[in-house]
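Trainee:
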Amino acid sequence: MSENTPEEHEKSEAACAPQGSDSPERPESPQPTALFVRRERRMNLGGWVVLALVIGAVSGLVWGMFRGVFEFAPLVIAALYGVLFVGVGLALVAVIVDWLLERARAK
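For the sequence shown, the numbering used here begins at 13 and goes up steadily by one.
1. With a CB to CB cut of under 7 Å and the five nearest residues on each side skipped, what residues in its chain are close to ALA69?
2. How is PHE78 classed by DSSP in three states: helix, strand or coil?
3. Looking at ILE67: is its Cβ nearer than 8 Å to the Cβ of LEU102?
4. Keeping to the same chain, check which residues put their C-beta closer than 8 Å to that of PHE48; ignore five residues upstream and five downstream.
5. Would you mind sorting ALA46 into buried or exposed? The rule is 16 or more other CB atoms within 10 Å of its CB.
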């Protein structure tokens, strides 16, 4: 059983390396490159949905604190209720608005 030492690894790499060229192999013809440019600085639909859910969570936390709850578990439950009842509604509004805008843009 032989151990792989760094010296043996370098020897095996040197034996496998192509002779006569120090640079790595380059393809004969250049590869095509795609460059995507973002022209508008708007949030996409996923960003609006995440923002709606975060607003729902924050509203649930604020509602829980106004109710006089300052323990961890009840605040988490209040935040989840906020996400469920406020955030999902706002996310639905964002989806409908985005759908209408895309439909108007396609016409």
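C-beta atoms are modelled at their ideal positions from N, C-alpha and C, and glycine is treated no differently.
Mentor: To lay it out plainly:
1. Taken in chain order, the residues that qualify are ALA91, GLY94, VAL95, GLY99.
2. Helix, per DSSP.
3. Less than 8 Å divides the Cβ of ILE67 from the Cβ of LEU102.
4. Contacts found: none.
5. Flag for ALA46 reads exposed.
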